[in-house]
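Trainee: Below is the structure I would like to discuss, written out as structure tokens.
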């Protein structure tokens, strides 16, 4: 969807925009399980999940990512347009396939997942062209709004974002996408930039330690250089830590029916609340409530 030139996006969502293939079963699953369930194919990827949630909160997000010019990519862009997302800045290539993510979820949570985001990684810095060529900003007049990033970008590109001129005025909000990509957030620790949204496992990987609580993990992340860390721990307490102090709160108790996308929903709701002027405490409450509603199935996919 091409936005009019005088309409500036409220936030940029940079990272994975792909198809999610999710298999869900109400059964407890282990290695080798073969159980009945449902398989759905839906628009997904961390950046896209965040953008969809932001749009539900009335914001105008723009997507910066790589999407192939294959039938799957055309369909995905059409779906994004229908959701009110700005797709005019996407990097579309004839040489790259549209990325996919596949996950299996059981009653005992996420069993396994594979992220095929190779096209995004191959596109590299090409996805950031609108921030230097005048469409969104230039190096002399950098983008000064909110930016949601995910760890499906390469560490080299994330390092350029953390330290380079294109994002020096931006409000960076960063998520690793998965524990397997948590180390890609190290440039933001070294640069002391951005707000990091991580779970307890991801915080442990970044700090080379094991933690029993979100507050302990958030404290360690600040010690490693993070400007601000928001650490979740499933149904246990969440901690929002910065130089302004630590805020700790337990989320609502709900019946969990799905998990893929819960962290993205939390992050988007938190960003939307703060952009609306909510206090740190109110923003955390709203984010936890949105994530609880999502995992319980009360919010749309």
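Numbering (the UniProt record's numbering), first residue to last: 1 to 301. For each residue, glycine too, the CB sits at the ideal point set by N, CA and C.
(1) Pull up the distance between the alpha-carbon of residue 251 and that of residue 285, whole angstroms please.
(2) So, helix, strand or coil for residue 196, using DSSP?
(3) Which runs of the beta strand (DSSP E) fall wholly inside the segment 150-233 and span at least 3 residues, in chain order?
(4) Please list, in chain order, all residues of the same chain as residue 115 whose beta carbon is under 6 Å from its beta carbon, the five residues on each side excluded.
(5) In or out: residue 231 buried (at least 16 other Cβ within 10 Å) or exposed?
(6) Assuming residue 149 and residue 125 make a contact with CB atoms under 8 Å, what is their CB distance in whole Å?
(7) With DSSP as the reference, label residue 106 as helix, strand or coil.
(8) Express the C-alpha separation of residue 238 and residue 223 in angstroms, rounding to a whole number.
(9) Output yes or no for whether 8 Å exceeds the beta carbon distance between residue 249 and residue 295.
(10) By how many angstroms is the C-alpha of residue 46 removed from the C-alpha of residue 61?
(11) Measuring alpha carbon to alpha carbon, tell me which residue in 68, 99, 171 and 154 is nearest residue 92.
(12) Using 8 Å as the threshold, is the C-beta distance between residue 64 and residue 98 below it?
(13) Please list, in chain order, all residues of the same chain as residue 155 whose beta carbon is under 6 Å from its beta carbon, the five residues on each side excluded.
(14) Quick check on residue 37: does DSSP put it in helix, strand or coil?
(15) How long is the line joining the alpha carbons of residue 273 and residue 131, rounded to whole angstroms?
(16) Which class does residue 271 belong to by DSSP, given the choice of helix, strand or coil?
(17) Can you give me the Cβ contacts of residue 173 inside the same chain, cut-off strictly under 6 Å, excluding the 5 residues immediately before and after it?
(18) For residue 254, which three-state DSSP category applies?
(19) Please report how far the alpha carbon of residue 228 lies from the alpha carbon of residue 246, in whole angstroms.
(20) Please classify residue 36 as buried or exposed, where buried requires at least 16 other C-beta atoms within 10 Å of its C-beta.
(21) Give the range of the beta strand (DSSP E) segment to which residue 22 is assigned.
Mentor: Considering the structure as presented:
(1) Counted from its first residue, the chain shown places residue 251 at position 251. Counted from its first residue, the chain shown places residue 285 at position 285. Each residue's Cα considered, the two are about 8 Å apart.
(2) Translated into positions along the chain shown, residue 196 becomes position 196. Residue state, collapsed to three classes: strand.
(3) Inside the segment 150-233, DSSP marks whole beta strand (DSSP E) runs of 3 or more residues at positions 171-175, 195-199 and 228-232, from first to last along the chain.
(4) For the purposes of this step, residue 115 is identified with residue 115 of the chain shown, where counting begins at 1. So the list reads 101, once near-sequence residues are dropped.
(5) Taking the first residue of the chain shown as position 1, residue 231 is located at position 231. Residue 231 is buried by the Cβ-count criterion.
(6) Residue 149 sits at position 149 when you count from the first residue of the chain shown. Residue 125 sits at position 125 when you count from the first residue of the chain shown. Wrong, their Cβ atoms sit about 14 Å apart, outside the cutoff.
(7) Here residue 106 corresponds to residue number 106 of the chain shown, with the count starting at 1. Note: residue 106 maps to strand in three-state DSSP.
(8) Taking the first residue of the chain shown as position 1, residue 223 is located at position 223. Taking the first residue of the chain shown as position 1, residue 238 is located at position 238. Straight-line Cα distance between these residues: approximately 18 Å.
(9) Within the chain shown, numbered from 1, the residue matching residue 249 stands at position 249. Within the chain shown, numbered from 1, the residue matching residue 295 stands at position 295. It is not a contact, given that the beta carbons lie outside the stated cut-off.
(10) Counted from its first residue, the chain shown places residue 61 at position 61. Counted from its first residue, the chain shown places residue 46 at position 46. So the two alpha carbons sit approximately 13 Å from each other.
(11) Indexing the chain shown from 1 puts residue 92 at position 92. When each option's Cα is compared against that of residue 92, the closest is 68.
(12) Working through the chain shown from its first residue, we reach residue 64 at position 64. Working through the chain shown from its first residue, we reach residue 98 at position 98. Going by C-beta atoms, residue 64 is not nearer than 8 Å to residue 98.
(13) Translated into positions along the chain shown, residue 155 becomes position 155. Sequence-distant Cβ neighbours of residue 155 in its own chain, meaning closer than 6 Å and more than five residues away, are 184.
(14) Locating residue 37 in the chain shown gives position 37, counting from the first residue. Residue 37 falls in the coil class under three-state DSSP.
(15) As a working note, residue 273 is residue 273 in the chain shown. As a working note, residue 131 is residue 131 in the chain shown. Spanning the two alpha carbons is a distance of roughly 25 Å.
(16) Locating residue 271 in the chain shown gives position 271, counting from the first residue. Residue 271 falls in the helix class under three-state DSSP.
(17) Residue mapping note: residue 173 aligns to position 173 of the chain shown, counting from 1. Within the same chain, residue 173 has close Cβ partners 148, 195 and 271.
(18) For the purposes of this step, residue 254 is taken as the residue at position 254 of the chain shown. Three-state DSSP puts residue 254 in coil, outside helix and strand.
(19) By 1-based counting over the chain shown, the position of residue 228 is 228. By 1-based counting over the chain shown, the position of residue 246 is 246. Taking the straight line joining both Cα atoms gives about 10 Å.
(20) For this step, residue 36 is matched to residue 36 along the chain shown. Under this definition residue 36 is an exposed residue.
(21) Translated into positions along the chain shown, residue 22 becomes position 22. Per DSSP, residue 22 belongs to the beta strand (DSSP E) from 18-24.
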